[in-house]
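To keep things clear, I will list the structure first and then write my remarks on it.
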Amino acid sequence: MNISDSKYSQYMLVREMTDTVDVVKGFHCGKTADVGEKISSVGRLLLTGEGSSRIFPAKNAIRKSLTWGLGLQIVTDGSRQSAQYDLSNFAVFCASNSGRTKEVVLLAKKLEQQGNQHRYGLTANEKTVLEASCSQTFVLNCGWEQAVAATKSVIEQALFYESILWNIAGKDKKGAVSDLAAKLSEALTMPIDREVIKAAVKAPTIYFAGYNDGVAEELTLKTNEITRKKSDFLEGTYAVHGIEEVMDAEDIVFVVNPIDEEIDKFREVLAEGVGLKVVAIADRDTPFSTIRVPEAGELGPYVYLCAGWNLLVETGMALGINLDKPERARKVGNEFMG
């Protein structure tokens, strides 16, 4: 994306993507220290919300917690399903940028009625109906987004949750977060190979594969919202365990941060077997066409996500789509009206 070009900057979506850099620059790692102590004392945490408020923020936190071997149990599910669980021994974070998402609000109200004292809200607005039912609510600094597709809020939500883990684990990430802003800027503005864009424009279905940490899954959702194309998330090696039977040679698969031991299988089954184009989004060279991003260590998933946004904006632009006006998608998918 060339954000200095009005062809791009005319869109709220693009402007909000680029706002992410300043959101990260202004992020304070210590603001979750107190709530981190409370959650650590409970020992169990459910992260819930709908769509982009849950996919990457929650799954990134789960992967980090498991990788670091934290004693904190973290799980995630949508709010309706979560409402069927016994959450009496869980701390629960309810994320809704609007603070009006019906499923999330109803879960918070149920927890309030049940007397759960560890019910927390995460919103982009103050004085919402969600806040009224939570014991404590945190408001994002990114502000309310105008574009339908959530972007900068997704990054801040994920950093917020991850910072809870940093505080519990005693990790000092101030320097890494400071460095992250420039790397996100580079990922958002780096040129994407035009042959990759042409292949994405031509593809009947755009697939994303990779870790179950929310990046590839969130990019799958953004593909629908930004390019209006069909897409699918292929977690782990799902891409080579049966779905190849219905793939088309004109489809394209983007593999986010491919695991080295799986590369040969992807090449054999997809590139050679199906004959489709496989593209990696990675911080290193791979045998595939590679969208090469800056190395960011444990914060790499944030960089991969921004590189994916860049890719999807370029694809949408090449398709001649108005990035700010989806036909059916709404900013608040299911608003609480009570």
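The opening position of the sequence shown corresponds to residue 21 in this note's numbering, with each subsequent residue numbered one higher.
Here a beta-carbon is modelled for each residue, glycine too, at the ideal position from N, C-alpha and C.
- The Cβ-Cβ distance between Val298 and Phe308 falls below 8 Å.
- Annotated three-state conformation of Glu182 is helix, per DSSP.
- Bridge partners of Ala152 according to DSSP: none are assigned.
- Distance from Phe47 to Leu150 at the Cβ level is roughly 22 Å; contact not present, criterion being Cβ atoms closer than 8 Å.
- Leaving aside the five residues that flank Ala219 on each side, the residues in its chain whose CB is nearer than 6 Å to its CB run, in chain order, Ile272 and Lys297.
- Ile311 places its beta carbon less than 8 Å from that of Ile212.
- In this structure, Glu123 and Arg100 form a Cβ contact; the two beta carbons are roughly 5 Å apart against a cut-off of 8 Å.
- Going by beta carbons, Val112 and Leu66 fall inside the 8 Å limit.
- Here the C-alpha atom of Pro224 lies approximately 48 Å from the C-alpha atom of Gln137.
- Gln30 carries a coil assignment under DSSP once its states are collapsed to helix, strand and coil.
- From the listed residues Gly256, Leu331, Leu290 and Lys45, the smallest Cα separation to Ala269 is found for Leu290.
- Arg304: not part of any alpha helix (DSSP H); DSSP gives it neither H nor E.
- Contact annotation: the region 183 to 193 touches the region 87 to 100, with at least three C-beta pairs closer than 8 Å.
- Ser116 has its alpha-carbon roughly 18 Å from the corresponding atom of Ser183.
- Taking the Cα positions, His261 is about 26 Å away from Lys84.
- Glu282 has its alpha-carbon roughly 33 Å from the corresponding atom of Ser102.
- Leu241 sits away from Met21, with the two beta carbons spaced by 8 Å or more.
- Annotation for Asp284: the continuous alpha helix (DSSP H) segment containing it runs Asp280 to Phe286.
- One alpha carbon belongs to Val276, the other to Asp305, and they sit about 12 Å apart.
- Per DSSP, reduced to three states, the secondary structure at Glu315 is coil, with no helix or strand assignment.
- Taking the C-beta atoms as reference points, Leu200 is found nearer than 8 Å to Tyr322.
- Counting of Cβ neighbours within 10 angstroms places Ile301 among the buried residues, the total reaching 16 or more.
- If you draw a 10 Å sphere on the C-beta of Trp164, you find fewer than 16 other C-beta atoms in it, and that means exposed.
- Of the other Cβ atoms in all chains shown, fewer than 16 fall within 10 Å of the Cβ of Asp284; this residue is therefore exposed.
- Taking Glu36 as reference, the option from Ile75, Val216 and Cys326 with the minimal CA-CA separation is Cys326.
- Here Ile341 is near Thr247, since their CB atoms are less than 8 Å apart.
- With respect to the 8 Å criterion, Glu237 and Ile75 are classified as neighbours on the basis of their beta carbons.
- Separation of Asp39 and Gly336 (C-alpha to C-alpha, rounded to the nearest whole angstrom) is 20 Å.
- When the five nearest sequence neighbours on each side are left out, the beta carbons in the same chain lying within less than 7 Å of the beta carbon of Leu204 are those of Thr40, Val41, Val44, Tyr322, Val323 and Cys326, in order along the chain.
- Going by beta carbons, Tyr140 and Val55 fall inside the 8 Å limit.
- By the neighbour-count criterion, in which a residue is buried when 16 or more other Cβ atoms sit within 10 angstroms of its Cβ, Ser72 is buried.
- Around Ile23, the same chain offers Ser29, Val34, Thr38 and Thr209 as residues with beta carbons nearer than 7 Å, after the five sequence neighbours per side are excluded.
- In chain order, Val44, Phe47, Cys49, Leu179 and Leu319 place their CB closer than 8 Å to the CB of Val197, counting only its own chain and leaving out the 5 sequence neighbours on each side.
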